[in-house]
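**Q** I have a structure here, written as structure tokens, and I will follow up with some questions on it.
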Amino acid sequence: MVLCFDIGGTSIKYGVAREENGQIVFDARWETPTNAKCLRGPGIEQKIVDLIDDLCRQFTPEGIAISTAGMVDHKTGAILYANENIPEYTGRNLKLAVENHFHLPCSVENDVNCAALGEAAYGAGRGADSVLCLTVGTGIGGAVILDGKVWHGHCGSAGEIGYMSINGGVFEQHASTTALIRNVQSQTGEMLSGKEIFSRAQAGDTICTNAIQELCSVLAQGLAACICLFNPAAIVLGGGIMAQGDYLRPILKEQLQRFVNPFVFSKTKLCFAELGNSAGMAGAFHWLKQTASF
């Protein structure tokens, strides 16, 4: 049994997990506000310790698995960099804090890497020897899984494809949910959510339909570049608007065929994330298994 945490700028998801027949099972799950602006890095660290303390009174965990926002040193568990969403988080070390307090093995990994690892181990990418995962939301997060493990790169920034240069700009500026919303707003004057845009497109709204087509075209170009570089067996797409997989799949496949070699395209599986809000915790669980060997 493992206590799993997924720390974001808005909320902390946490639960009690175990593995059964090769799948992750959550016996309990909760969510609480992060209060990042108020608590800041030191306060969040203390909040995690307090939550673990409470849970240890109810359960007997073998370890603690933490997925978190920010750039993480996957070897030491230190937060190398975090933006203004979690002030004073850079330099904190949750792994040391937890292990010193509870004397249990603890692993800490970046949230996008954890979500990718979760999908590769237990979700849409299960069974593939190489998986490229994208989370499309406010920006675009990316991670690469090779032979069941996160490929971190030389200094821990592998998979940061949201920052790629494409069409004279940054990839995530053109292919994120933010870009979709901005495109529709520029034509209608309305600030619609991604869900509302898809709802209107399905009802026949031409502006929303064309905006989604444009988004998929740019997204496909970025994916094509990644396919040329990584040649993954599977691509897993996650994030809020990717819940519209039934609508997006045929559009993305059509666009990808424009940019990817036909043979390579036929060998690349396009998937949509299956684990939802549990992906980060599932990946943290698997990362602890890989690093703590229990």
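Per the numbering used here, residue 1 is the first one in the sequence shown, and the count goes up by one each step. No residue lacks a Cβ here, since even glycine has one placed at the ideal position from N, Cα and C.
Would you check if the region 64-76 and the region 276-286 touch, i.e. whether three or more CB-CB distances between them fall below 8 Å?
**A** These segments touch.
**Q** Straight-line CA distance for SER107 to ILE207?
**A** Numbered from its first residue, the sequence shown carries residue 107 at position 107. Numbered from its first residue, the sequence shown carries residue 207 at position 207. Near 46 Å, if we compare the C-alpha coordinates of ILE207 and SER107.
**Q** For VAL236 versus ALA279, is the C-beta distance shorter than 7 Å?
**A** Stepping through the sequence shown from its first residue, residue 236 is reached at position 236. Stepping through the sequence shown from its first residue, residue 279 is reached at position 279. No, the Cβ-Cβ distance between VAL236 and ALA279 is not below 7 Å.
**Q** Taking CB distances under 7 Å as the criterion, tell me whether PHE26 reaches chain B.
**A** Of the chains in the structure shown, none is chain B; there is only one protein chain.
**Q** Please determine, among ILE227, GLY148, ASP111, the residue with the shortest C-alpha to C-alpha distance to GLY239.
**A** Numbered from its first residue, the sequence shown carries residue 239 at position 239. Closest by alpha carbon: ASP111.
**Q** Applying the 10 Å Cβ sphere with the 16-neighbour rule, what's the burial state of HIS103?
**A** Taking the first residue of the sequence shown as 1, we reach residue 103 at position 103. By the 10 Å Cβ count, HIS103 comes out exposed.
**Q** Return the CA-CA distance between LYS253 and ALA211, expressed in angstroms with no decimal places.
**A** Numbered from its first residue, the sequence shown carries residue 253 at position 253. Numbered from its first residue, the sequence shown carries residue 211 at position 211. Cα to Cα, the separation comes out at about 17 Å.
**Q** Report the start-end ranges of each beta strand (DSSP E) in the region 192-249 that is 3 residues or longer and not cut off at the edges.
**A** Here the runs fully enclosed are 234-238.
**Q** Can you list, in chain order, the stretches of the beta strand (DSSP E) that have 3 or more residues and sit fully within the region 58-84?
**A** Taking only runs of at least 3 residues, the beta strand (DSSP E) segments lying wholly in the region 58-84 are 63-68, 79-81.
**Q** Between VAL150 and ASN113, is the Cβ-Cβ spacing less than 7 Å?
**A** Taking the sequence shown and counting its residues from 1, the one referred to as residue 150 is at position 150. Taking the sequence shown and counting its residues from 1, the one referred to as residue 113 is at position 113. For VAL150 and ASN113, yes; Cβs fall inside 7 Å.
**Q** From this set, LYS37, LYS13, GLY22, which residue's C-alpha is nearest ASN83's C-alpha?
**A** Here residue 83 corresponds to residue number 83 of the sequence shown, with the count starting at 1. ASN83 has its Cα closest to that of LYS37, out of LYS37, LYS13, GLY22.
**Q** Within this structure, are the beta carbons of ILE166 and GLY142 separated by less than 7 Å?
**A** By one-based count along the sequence shown, residue 166 stands at place 166. By one-based count along the sequence shown, residue 142 stands at place 142. No.
**Q** By the three-class DSSP mapping on this structure, what secondary structure does GLU88 have?
**A** Position 88 of the sequence shown, counted from the start, is the residue given in the question as residue 88. In the structure shown, GLU88 sits in coil (DSSP, three-state: anything other than H, G, I, E or B).
**Q** Quick one: what does DSSP say THR291 is sitting in, helix, strand or coil?
**A** Looking up residue 291 in the sequence shown gives position 291. Helix.
**Q** From this set, GLY153, SER266, LEU180, PRO87, which residue's C-alpha is nearest LYS195's C-alpha?
**A** One-based indexing of the sequence shown puts residue 195 at position 195. Closest option to LYS195, Cα to Cα, is LEU180.
**Q** Strictly by DSSP, which residues pair up with TYR14?
**A** Your numbering for residue 14 matches position 14 in the sequence shown. Answer is PHE5, TRP30.
**Q** Drop a sphere of 10 angstroms on the beta-carbon of ALA203, count the other beta-carbons inside from all chains shown, and report buried for 16 or more, exposed for fewer.
**A** Working through the sequence shown from its first residue, we reach residue 203 at position 203. Answer is exposed; the Cβ neighbour count stays below 16.
**Q** Mapping DSSP to helix, strand and coil, what is ASN273?
**A** The residue given as residue 273 occupies position 273 in the sequence shown. In the sequence on display, residue 273 carries Ala and not Asn. Reduced to three states, the DSSP call for ALA273 is coil.
**Q** Between ALA224 and GLU20, what straight-line distance do the alpha-carbon atoms span, to the nearest angstrom?
**A** The residue given as residue 224 occupies position 224 in the sequence shown. The residue given as residue 20 occupies position 20 in the sequence shown. Distance between the alpha carbons of ALA224 and GLU20 is about 36 Å.
**Q** How would you label GLU190, buried or exposed, when you count the other beta carbons within 10 angstroms and need 16 or more for buried?
**A** Indexing the sequence shown from 1 puts residue 190 at position 190. So GLU190 counts as exposed.
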